[in-house]
Amino acid sequence: MARTLAVLPKGARITDYISLGVIASAIPSSTVQAVLARTNKAGVRQRALPAPVVVYYVIALALYMHSSYREVLRCLLEGLRWLGGPFAPVAVATDSAISQARTRLGKEPLRELHDELVGPVAEATTRGAWYRGWRLVCLDGSTLDVADRVENEERFGRPQGARGAGAYPKVRMVSLVEAGTHVLFGSRMGAYRTSENALAQEVLPRLEPGMLCLADRGFFGRAQWERARSTGAELLWRVKAKQVLPCRRRLPDGSYLSALGTADLRVVEYRLEGVEDAEPLYRVVTSVLDPEQAPARELAALYHERWEIETALDELKTHLRGARIVLRSKRPDLVEQEFYGLLLAHFAVRSLMHEAALQADADPDALSFLHAVRVVRRKLPFHAAIPPSGPSQTPPGGAEGTA
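Quick note: the sequence shown uses our numbering, first residue 92, plus one each step.
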């Protein structure tokens with residue numbers, strides 16, 4: 092059975108399925124053009140597709156994973172035709188031309204665009220985003236299936252088990268997530284054989300003072316802890332049962348002070364009574380040493396907010412990408428390009444949801460991500476198409492970038 096559809100579902104109109112204005116509100120064309128200029132991709136002449144169009148095209152691919160390359164481009168160009176001018180005669184390119192345009196664009200512009208734009212969006216009034224003045228963020232990793240091609244297997248590898256090799260090569264990713272809005276940020280990907288801790292070294296610098304970072308026991312270690320603390324963020328991480336953390340001083344709330352190398356820690360131990368399959372004892376450590384700033388009972392309950400990143404990753408992998416759908420790119424450099432396009436699309440949807448939650452005075456968690464994706468996939472009546480070249484509606488420098 093074919094993985095992609097040649098066209099959008101029967102009865103659908105292109106104008107019902109593209110909402111470029113929604114994407115542009117989170118990913119402004121001015122920023123796209125600036126990134127293309129910095130990466131030396133804006134001035135390379137293309138036969139058909141300007142570089143800004145290809146950037147938005149890669150993001151749109153994440154919104155329409157079930158549709159073919161040409162059908163997604165057809166939707167995008169339909170929006171551009173509404174602008175008239177130099178974009179009106181642009182024709183739908185062949186699959187080969189699309190691939191060549193993506194190859195010329197490369198992965199750097201999408202990665203730099205992601206790094207510049209994707210970050211926490213919660214405001215002071217955003218529900219569920221804060222704990223006693225700290226912005227709640229979580230750290231975790233996951234994997235994504237990629238197209239079953241020799242190049243991808245050589246670059247990324249595939250899982251091996253007792254029953255043989257996995258069906259698809261995989262990439263490994265590690266991200267931070269803003270717990271209150273489910274915005275994934277600071278994300279990095281690597282080969283399947285790359286450890287989450289290795290990728291976390293690239294992700295942790297995105298922490299900032301004023302954040303409280305939650306992480307599972309797999310990330311705990313002296314080097315990783317010190318790296319995270321050097322950012323000025325506070326930490327609340329679970330530790331393994333065998334981790335030796337001697338009690339230096341018992342505190343009034345039942346927690347105790349300990350140390351990891353030269354770093355002072357506060358240890359909170361607790362049990363989950365009446366919870367099926369609960370472990371006998373849970374231990375979390377925090378850099379917040381004063382129990383009046385963060386009581387042990389509150390921290391024990393707060394740690395389980397870490398599961399917000401599992402929900403965010405599920406949004407990315409199931410609701411946006413689609414269950415049993417693999418990243419479609421056939422070459423490793425385009426896999427990375429598509430990966431950051433996927434994250435940018437998720438950010439655009441989550442930004443829209445956050446704005447809606449603020450207007451409704453609601454918790455963003457109470458809104459349906461799947462419904463939001465469906466809204467974005469339609470053309471909202473009041474949104475215009477993206478002007479890829481800004482207010483003047485002309486290509487940057489008259490050139491058609493490296494897409």
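The beta carbon of each residue, even a glycine, is placed where N, CA and C say it ideally should be. Quantities reported herein were computed from a predicted structural model and do not represent experimental measurements.
Separation of residue j from residue i, as counted between CA atoms
i	j	result
C119	E245	According to the sequence as given, residue 119 is Pro; it is not Cys. If I take the Cα positions, the gap works out to 36 Å.
A125	L348	49 Å
L407	L443	15 Å
A439	G257	32 Å
R374	A391	9 Å
D405	A436	14 Å
R240	Y283	15 Å
G277	Q292	11 Å
S420	Y160	10 Å
V262	D307	20 Å
G488	L140	Here G488 scores only 37 on pLDDT, less than 50, and its place in the model should not be relied on; the value that follows carries that caveat. So the two alpha carbons sit approximately 14 Å from each other.
A403	A192	31 Å
P260	G365	41 Å
R202	E360	40 Å
L434	G210	11 Å
A476	S121	Per-residue confidence for A476 stands at a pLDDT of 40, beneath the threshold of 50, marking its modelled position as unreliable; the derived number appears in the next sentence. Rounded to whole angstroms, A476 to S121 spans 14 Å at the Cα level.
A117	L380	38 Å
S346	L227	21 Å
Other residues of its chain near residue i: CB distance less than 6 Å, five sequence neighbours each side excluded
i	result
L271	Note on identity: in this sequence residue 271 is Gly, with Leu being the wrong assignment. For G271, where only same-chain residues beyond five positions count, the Cβ hits under 6 Å are A213, T217, G219 and A220.
L127	A133, A142, P200 and G492
A453	none
G281	R263 and L290
L295	R318 and A319
Exposed unless 16 or more other CB atoms sit within 10 angstroms - verdict on residue i
i	result
C166	buried
C338	exposed
V274	buried
P300	exposed
H395	exposed
L298	buried
D186	exposed
Q428	buried
N131	exposed
S158	buried
K331	exposed
D236	buried
R279	buried
E269	buried
E399	buried
K333	exposed
L267	buried
L372	exposed
G323	exposed
A369	exposed
P482	With a pLDDT of 40 at P482, under the threshold of 50, the modelled position of that residue is not reliable, and the figure given next carries that caveat. Exposed, since its Cβ has fewer than 16 Cβ neighbours within 10 Å.
Chain-order list of residues whose beta-carbon lies under 7 Å from that of residue i (same chain, five-residue window excluded)
i	result
V123	P143, V146 and L204
A320	The residue you asked about is not Ala; residue 320 is Arg in the sequence shown. So the list reads L326, A354 and S378, once near-sequence residues are dropped.
Y222	L303 and L393
W225	G301, M302, L303 and E325
L152	V163, E429 and G432
E317	A354
G252	none
D456	G219
A238	V417, L418, R419, S420 and K421
R249	A256, G257, Y259, P260, K261 and Y283
Contact set for residue i: own chain, Cβ-Cβ below 8 Å, skip 5 residues either direction
i	result
D344	P382, P386, A387 and R388
Please list the segments of the beta strand (DSSP E) lying wholly inside the stretch 417-448, counting only runs of 3 or more residues, in order along the chain.
none
Segments assigned alpha helix (DSSP H), at least 4 residues, entirely inside the stretch 119-160:
120-129 and 142-154
Can you confirm whether the stretch 281-291 touches the stretch 309-318 when touching is taken to mean that 3 or more C-beta pairs between the two stretches lie within less than 8 Å?
yes
Ignoring anything shorter than 3 residues or poking outside the stretch 247-325, list the beta strand (DSSP E) runs there in chain order.
261-269, 274-282 and 302-306
Please give me, in chain order, every unbroken run of the beta strand (DSSP E) with length at least 3 that falls completely inside the stretch 342-367.
347-351 and 354-361
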